[in-house]
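Chemist: Residue numbers (this note's numbering), protein chains in the order written: chain A, 152 to 518; chain B, 47 to 560. Just so it is clear, CB atoms sit at the ideal spot from N, CA and C, and this is done for glycine as well.
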């Protein structure tokens, strides 16, 4: 019945491997196509000139020195949280609790900052704040890790739920320490004395955070790639039976890695409280624990690629909110543009893993 | 072939080429299949048999070449289009929904108008009666044995009216008895005018079931032979491309000393079922102790208990070192046991499930045993890299480089990497389980050689095997397990296949004294 030969228009095959530069070409093309589509959508919906819209995006990120520093700080905090998640993900432990862990870091730092501001020198206060923040974050990751290693509970749900517990705890203490009374806000802590504030470098409070992020990026790369711990993490993630077979203590590795992961999230919380905001709110972390998931995944858990992916996400986020203000649109429009761009960035992964063959010509690349 | 001029082939491939990136899976393959014949497709691991068949059944689309069905050129873009052409394939990994019944699985995805399970079940029973299948249409898949699941897959294909059936290594998961049953069914199909293409590694099966053999080597079509006029040696040589010696050496054990002393070993699985009961035996250096038994008689638990991976309820496992000191292994962790010189080369049903990490490259897999060595927090990458290169060279592992992920290698090469690493740590006890499962004949013999070399080095080898012929050729002594108990220990040089077969199903065999 099917006598006429119909060569299919396109057929899809899995790629065995792809040269790295071609992979980047595909990604860049995806971003360009996303920008074109965003332009069309902007013209149709609000009648604005797309070039202006993109200009606004760039201006929103790089417009003034102040904006650049803001952007870099945002980038640094997101990168630190993403770096924290990476070893857990490499181990196939889906830590969705970055937000909660960072918030617990905020809470730990704030507690010390408020309770002990009069009883120790400033340098010791800052060190204690740091330790409390690391402990808070580590504790929040340790709990699900312990349950996972002992009773094999589902870490995705567990870490997710721990976020809400952390938010509620922070909400309670915000009211507990509210200042001034009745405001339901903590306000700037130690505004006059600046006790527990991280020192500024050349009057700039962001540089230190950026340096921490850079050191952590290199450190995490080395840890995952060259250390014995990093190797154990990879083996446990790939195959638990094999890990047990060579005598790796799987439970120990899970707990150890999650304590590390949580502690780094806690560090991000410390930097927010002590370095930039000098206050604590329930929204201080602002969903970076979830954005970090995307950053880590898109970069395939490679810390250096994570610099790029976190930059893209921060750029988009800040650009989109700038568009909303400049063109008098609400936040949703920025979200639409971000959505379109992410769709293309994530969608292009398909073309990295699969190849399309067309009826004429061979091995042609689409995008 | 004389008949070629008279008959039109039901299926003809002309110049089929398929590439995956730089890898050529099939190159310019031309092949004809005739109505009512059973064609065996023979080739080493990675020779492109499955890829070729996947193109006929609509999973892949060829890059070049054409496919003709009954003389008409066709294009097969999906398994559904293959079914429309009356071609059906039974894959190595079953594609069934566990929670559905046989009938539900068989009619899944078919559009026959109003859904009528009863009528479908009736049709299934008719098919079963016609060819001699044993299937309960109302049984759920998760209640079925591997062999029953395979039967459902075959019936599924027949239900869809397939006249050309492709079976990808159907016997790899079957016991000898089940294989016989399957072959009886295939012969019935042939009588009914169906065409069968069967992929297999096992020479004896090729000779007993097929009418004609087609041989692939490195993605290329080599030749075809009428089975009745072929012999094992000739087929093996054509498959491998050079002459292969099909003998397993069995040197006399030299100066055997007791290495393992196991007494009253009892093991329960996590759900409380007794897996091993009161097992006692010794293993000696310079000797290969074979372990025979029906799959699931406690072989896995026994080896894992020795390697420290299995919780033991009762009994003793003593390791005796070169000075004659006895040491209890029970209660020690796998790391400690491995350092003492007990090495486990285990091939579970999922080949990469334990022992190797599929996504890591060869060098990193070599590191699994050695990464803790050296002071400091960083790993030494140079030594494993050198070891990987050494193993690749020594065991002739076919790989683009030592930085290729292990999962990309074919089964035989994966096995060589695993065995190579385990041997590299100079073990005094080598535990192997199903090391040649799924391997082609050439790779299998390489592995037997490796094991024999270890024996000559004075290693105590415990060899868990499936193929009784090989056990009888390779092992000095054979312990037979039956339902977790020791059914008997026989001399590998004097025992017969029949004797062991009986012991596998009944403790002590035919009333022998224990």
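Between the alpha carbons of residue 288 of chain B and residue 520 of chain B, how many angstroms are there, rounded?
Modeler: If I take the Cα positions, the gap works out to 24 Å.
Chemist: Taking contact to mean at least 3 C-beta pairs separated by less than 8 Å, is the region 444 to 454 of chain B in contact with the region 401 to 408 of chain B?
Modeler: Yes: at least three Cβ pairs fall under 8 Å.
Chemist: By how many angstroms is the C-alpha of residue 297 of chain A removed from the C-alpha of residue 351 of chain B?
Modeler: Rounded to whole angstroms, residue 351 of chain B to residue 297 of chain A spans 27 Å at the Cα level.
Chemist: Identify whether residue 238 of chain B lies in helix, strand or coil by the three-state DSSP scheme.
Modeler: Coil at residue 238 of chain B, not helix or strand.
Chemist: Hey, is residue 331 of chain A's beta-carbon within less than 8 Å of any beta-carbon in chain B?
Modeler: Output row for residue 331 of chain A: interface = no.
Chemist: I'd like to know if the region 357 to 367 of chain B and the region 302 to 321 of chain B are in contact, where contact means that at least 3 CB-CB pairs between them fall below 8 Å.
Modeler: Contact holds: three or more Cβ-Cβ distances are below 8 Å.
Chemist: Helix or strand or just coil, what does DSSP make of residue 72 of chain B?
Modeler: Residue state, collapsed to three classes: strand.
Chemist: Could you give the DSSP three-state label for residue 244 of chain A: helix, strand or coil?
Modeler: Residue 244 of chain A falls in the coil class under three-state DSSP.
Chemist: Helix, strand or coil for residue 553 of chain B, going by three-state DSSP, please let me know.
Modeler: In the structure shown, residue 553 of chain B sits in coil (DSSP, three-state: anything other than H, G, I, E or B).
Chemist: According to the Cβ coordinates, are residue 383 of chain A and residue 405 of chain A closer than 8 Å?
Modeler: Not a contact, by the Cβ cut-off of 8 Å.
Chemist: For residue 254 of chain B, which residues of its own chain have a beta-carbon under 8 Å away from its beta-carbon, when the five flanking residues on both sides are left out?
Modeler: Cβ neighbours of residue 254 of chain B beyond the five flanking positions: 229.
Chemist: Of the residues A/194, A/417 and A/183, which one's Cα is nearest the Cα of residue 286 of chain A?
Modeler: Comparing Cα positions, the closest option is A/417.
Chemist: Do three or more CB pairs link the region 250 to 264 of chain B to the region 83 to 90 of chain B at distances below 8 Å?
Modeler: The answer is yes - the region 83 to 90 of chain B touches the region 250 to 264 of chain B, with three or more Cβ pairs under 8 Å.
Chemist: Using a threshold of 8 Å, state whether the C-beta atoms of residue 331 of chain B and residue 506 of chain B are closer than that.
Modeler: In this structure, residue 506 of chain B lies closer than 8 Å to residue 331 of chain B by Cβ.
Chemist: Measure the Cβ-Cβ separation of residue 395 of chain A and residue 355 of chain B and say whether it is below 8 Å.
Modeler: In contact: residue 395 of chain A and residue 355 of chain B (Cβ atoms closer than 8 Å).
Chemist: Report the three-state DSSP secondary structure of residue 564 of chain B (helix, strand or coil).
Modeler: Given a span of 47 to 560 for chain B in the structure shown, any question on residue 564 of chain B remains unanswerable.
Chemist: Using a cut-off of 7 Å between C-beta atoms, extract the partners of residue 398 of chain A located in chain B.
Modeler: Near residue 398 of chain A (Cβ distances below 7 Å), the residues of chain B are 379, 380, 381 and 384.
Chemist: Does the beta carbon of residue 164 of chain A fall short of 7 Å from some heavy atom of the ligand SAH?
Modeler: As for the ligand SAH, it is missing from this structure, which has no ligand bound.
Chemist: Nearest CA to the CA of residue 385 of chain B: which residue from B/474, B/128 and B/305?
Modeler: Considering only alpha carbons, the answer is B/474.
Chemist: With a cut-off of 8 Å, does the C-beta of residue 526 of chain B fall near any C-beta of chain A?
Modeler: It does not: the Cβ of residue 526 of chain B has no partner Cβ on chain A nearer than 8 Å.
Chemist: Any contact of the region 169 to 188 of chain B with the region 226 to 241 of chain B, i.e. 3+ C-beta pairs under 8 Å?
Modeler: Yes, they touch.
Chemist: What residues from chain A crowd round residue 63 of chain B, counting only those whose CB sits closer than 8 Å?
Modeler: Those do not exist, as residue 63 of chain B stays about 11 Å from chain A at its closest Cβ, beyond 8 Å.
Chemist: Spatial neighbours of residue 388 of chain A within its chain, please: C-beta separation below 7 Å, excluding the five flanking residues on both sides.
Modeler: Here the set comprises 241, 242 and 243.
Chemist: Using the C-alpha atoms, what's the distance from residue 421 of chain A back to residue 68 of chain B?
Modeler: Using only the alpha carbons, I get a separation of about 50 Å.
Chemist: Going by C-alpha distance, which of B/99, B/365 and B/186 is nearest residue 246 of chain B?
Modeler: Comparing Cα-Cα distances from residue 246 of chain B to each of B/99, B/365 and B/186, the minimum goes to B/99.
Chemist: Assuming residue 509 of chain B and residue 478 of chain B are in contact, meaning their beta carbons sit under 8 Å apart, how far apart are those beta carbons, in whole angstroms?
Modeler: Right, their Cβ atoms sit about 5 Å apart.
Chemist: Once you ignore the five residues that flank residue 155 of chain A on each side, which residues in its own chain have a CB closer than 6 Å to its CB?
Modeler: Its pLDDT being 47, under 50, residue 155 of chain A is placed unreliably by the model, and nothing is read from it.
Chemist: Which term fits residue 149 of chain B, buried or exposed, when burial requires 16 or more other beta carbons within 10 angstroms of its beta carbon?
Modeler: By the 10 Å Cβ count, residue 149 of chain B comes out buried.
Chemist: Measure the Cβ-Cβ separation of residue 212 of chain B and residue 243 of chain B and say whether it is below 8 Å.
Modeler: Taking 8 Å as the Cβ cut-off, residue 212 of chain B and residue 243 of chain B qualify as a contacting pair.
Chemist: To the nearest angstrom, how far is the alpha carbon of residue 227 of chain A from that of residue 344 of chain A?
Modeler: In a straight line, the C-alpha of residue 227 of chain A is about 27 Å away from that of residue 344 of chain A.
Chemist: Tell me the rounded alpha-carbon separation between residue 433 of chain B and residue 412 of chain B.
Modeler: So the two alpha carbons sit approximately 7 Å from each other.
Chemist: Please confirm whether residue 503 of chain A has its beta-carbon closer than 8 Å to some beta-carbon of chain B.
Modeler: Not one chain B Cβ lies under 8 Å of residue 503 of chain A.
Chemist: Reducing DSSP to helix, strand and coil, say where residue 51 of chain B ends up.
Modeler: Because residue 51 of chain B carries a pLDDT of 45, less than 50, the predicted location of this residue cannot be relied on, and no value is offered for it.
Chemist: Using a Cβ cut-off of 8 Å, which residues of the region 64 to 79 of chain B contact any Cβ in chain A, in chain order?
Modeler: Listed in sequence order: 66, 67, 68 and 69.
Chemist: Determine whether the beta carbon atoms of residue 56 of chain B and residue 210 of chain B lie at a separation below 8 Å.
Modeler: A contact, by the Cβ cut-off of 8 Å.
Chemist: Considering only their Cβ atoms, is the gap separating residue 257 of chain A from residue 366 of chain A smaller than 8 Å?
Modeler: It is not a contact, given that the beta carbons lie outside the stated cut-off.
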